[in-house]
Amino acid sequence: MDKPSLLPLLDARLPLTEEGIAEAARLAGVPLAQAWGVVRYYPRYRGLPQGRLLVDDPVARARGFARLLEGADGTHPPLGLEALSPIHVRIEGRERYVEYQGHRVPFREFRLPFHLGHGERLLPPEPILDLAAYERIGGLQALRSLLGGRLSPHDLIQAVEEAGLLGRGGAAFPTHIKMRAVAQGEAPKYLVVNADESEPGNFKDRFLLEHHPFLVLEGALLAALATGASRIFLYVREEFEAAMLGLEKAVAELKEAGLLPVPTEVFRSGGLYICGEETALLESMEGKRAEPRLKPPFPVEKGLWGRPTLVQNVETLASLPVILKEGPRAWRQREPKLFSISGDVARPGLYELPLGTPLGEALRRAGAELGEIQAVLLGGAAGVFTKDLAFPLRYRERLPLGAGAMVAFGKEVDLWEVLLGLAQFFREESCGKCFPCPLGTAVQVEMVRRRERSKALLQDLAQTLKGSLCGLGQSAYWAYASLLEVEGAA
Ligand code: SF4
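Going by our numbering, the sequence shown opens with residue 10, and the numbers climb by one from there.
What follows is the structure, given as C-alpha cells:
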C-alpha cells in the first residue's frame, strides 16, 4: 500500500469542490473519473440532510414509525441505537446531536449509555477506557507473552483452534483457518478489523469499540503478530464517532507505552451497509465503490491491495485475549457470545450468554414477558422472524443466528410494517453490481407493501434473489418468508 487511500483524502477536503476532488484523485493516484464515481456513490460526499431525523430501525417501526416520523424531517438508517429506540438525530449545519430521553448529546460524544447485562466473564460491566485500568483487570497479559517469546504465533493459532472460535460477524467461519491461511501467505500482509456493524438490531461491536477499545486492540495486535500482518486498519462505521475517537486515543496510549508492535490506524468506513461485506470493504479502502468482489480468490489470499489480508470481526478479535487468559478448553466449555436484545423487553441492551442458551431464556433475562411476545426477529435484517422460544442460540442450527441480534415484538405490533422497513432497507442498500439484487429487492418492497401472501410469488422472488452475487441479495427475502411461516403457525 504505497499510495494514500482516496476516501480519507476526500474526507479531508469536505465540503467537496471540483478542485478538491481533482487534488484527492491526483494524490491517490486514481483517474479523475474514478474519483467522481466514488463521490457520487458514498452518501457523505453528497451532503447531509438538514433537520431532525428519526433513526429508522425495527424497534421504531414497531412503535408506530409513521406517527413518530411526523416529528422528523426524514429517516436515518439504523445506527446501533435500537436499545434506545425510538431516537432522534438533530442536524445543525455540520454538527449532529443525539436526542434521547430529554438529553441532547453531541453525536461524537455519544456512547451507548448502558452496562453489559449479565455476566462479567468476557467483559467487566463498566467501560475500560485507559491503559492502566485495562492492565488492572489483567489486560495485555497475552500480548506481553507473545512479545516476550513465552507464546509463539503457532501456539496462539493452535489455541484459537482448540477454543473452536467461530467468526462473530455472522458467517461463523472458523477463525483459526483464516489466521493460518494468512500466516502462510507472503508478506506484506494486512489485518483489517471489520467494525462496520450496520445490521439493524445489532450493537455489540459498537458497544465493544466504545467501552472496551483496549480489548479490541489487544485482540487485533495478537492476530496481526500471529499472522505476520505488518499493518492494522480498524475499518469503523462512519457514524461511530465516539468509538473512532476512543480507538485513536487508545492507539496513542499503547504507542507511548511501547506496546504497539504493529502500526495501527482507524479508517472511516464508506457509510453503506454493503461496506461490511469483506470484499466490498476492501474495495472502499482501495478508493473504489464498495462493490463485492467475486470469490475466490478470498481476502486471505488476495485482499487489500492484492496482498493476503485477515478481515476479522470486532467481537471475534476481542475474544482472543480472553481465550488465552482462560485457556482454550475452559473458554470452549462456556462459549460466550454477545447478544444485542431490543424491542419489547424491559431491559434492552447487550447480554453475554453462552451459545446454546434458549431464545426465551435470553429474552427473559432482558425482562421480556414471554407470553406477550408475538415473534422475535433473530439475526437482524438478514435474519428471520420466529416464535420458537426454545430455539437454542447456536450457530449452524435451523435458524440463522447472524451476529446475535434479537428484536422482540409484542402482540400489538404490526409485523408487516416492520417487514416493510427491512425490505426498504435492502432496496436502499443494494449496491447495484449484479441485477438479481436491485430487481428482487425493489419487487419485494412492492410485494410487502401489498401484503402479498402468495407462496408461489414468494418462491419466484426467492429464486431471483438466490442468484445474487453476495449475501445481501441472497438473504434479503428470509425475513419475508419467515413472516409467512410465523403467520401460518399462528
Ligand atoms: S447482491 Fe446486491 S449488494 Fe451484493 S453485489 Fe449484488 S447488487 Fe451488490
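Idealized CB from N, CA, C, for every residue including glycine. All of these numbers come straight from a predicted model, not from anything done at the bench.
At a cut-off of 8 Å, would you count residue i as near ligand 1, judging by its Cβ distance to the nearest heavy atom?
i, result
"L19", "no"
"K396", "no"
"S439", "yes"
"E300", "yes"
"K442", "yes"
"G482", "yes"
"C284", "no"
"S278", "no"
"L88", "no"
"S477", "yes"
"P308", "no"
"P445", "yes"
Please state whether the Cβ-Cβ distance between residue i and residue j is less than 9 Å.
i, j, result
"F216", "L291", "no"
"D82", "R113", "no"
"T450", "R436", "yes"
"R177", "S351", "no"
"V169", "V309", "no"
"L224", "V260", "no"
"D353", "I382", "yes"
"G389", "A375", "no"
"M294", "S14", "yes"
"L313", "F242", "yes"
"P363", "R338", "no"
"G173", "R341", "yes"
"A204", "Y143", "no"
"G416", "L386", "The residue asked about is misnamed: residue 416 is Val in this sequence, not Gly. Result yes, Cβ atoms of V416 and L386 sit closer than 9 Å."
"P209", "F418", "no"
"G148", "P330", "yes"
"C479", "P317", "no"
"A384", "L256", "no"
Does the Cβ of residue i have 16 or more other Cβ atoms within 10 Å, making it buried, or fewer, making it exposed?
i, result
"E129", "With a pLDDT of 45 at E129, under the threshold of 50, the modelled position of that residue is not reliable, and the figure given next carries that caveat. The residue in question, E129, is exposed, as its Cβ has fewer than 16 Cβ neighbours within 10 Å."
"L303", "exposed"
"L16", "buried"
"G380", "exposed"
"S161", "exposed"
"I186", "exposed"
"G392", "buried"
"E361", "buried"
"L23", "exposed"
"L333", "buried"
"A488", "buried"
"K213", "buried"
"R405", "exposed"
"T184", "buried"
"A251", "buried"
"G280", "buried"
"L19", "buried"
"A33", "buried"
"G413", "buried"
"Q472", "exposed"
"Y51", "buried"
"R298", "buried"
"T26", "exposed"
"A289", "buried"
"P504", "In this structure the chain extends from 10 to 499, so residue 504 is not present and cannot be described."
Can a CB atom of chain C be found closer than 9 Å to the CB of residue i?
i, result
"H163", "Reference to chain C is not applicable here, since this structure consists of a single protein chain."
Our contact map puts residue i next to residue j with C-beta atoms below 8 Å; I'd like the distance itself, whole angstroms only.
i, j, result
"L429", "R458", "6 Å"
"G315", "A37", "G315 to A37, Cβ: 16 Å. No contact."
"L63", "L77", "6 Å"
"R246", "Y199", "The pair is not a contact, with the Cβ atoms about 19 Å apart (cut-off 8 Å)."
"L88", "E265", "That belief does not hold up - the Cβ atoms of L88 and E265 are roughly 32 Å apart, past 8 Å."
"L140", "E274", "Rounded, the Cβ-Cβ distance is 18 Å, inconsistent with contact."
"E206", "G285", "7 Å"
Who are residue i's beta bridge partners in DSSP?
i, result
"I100", "G60, R105"
"T366", "According to DSSP, T366 bridges with nothing at all."
"Q321", "V202"
"K304", "Answer is none; K304 lacks a bridge partner."
"A417", "G352, V385"
"P401", "P367"
"G83", "L62"
"E274", "F242"
"H112", "Y109"
"L175", "P183"
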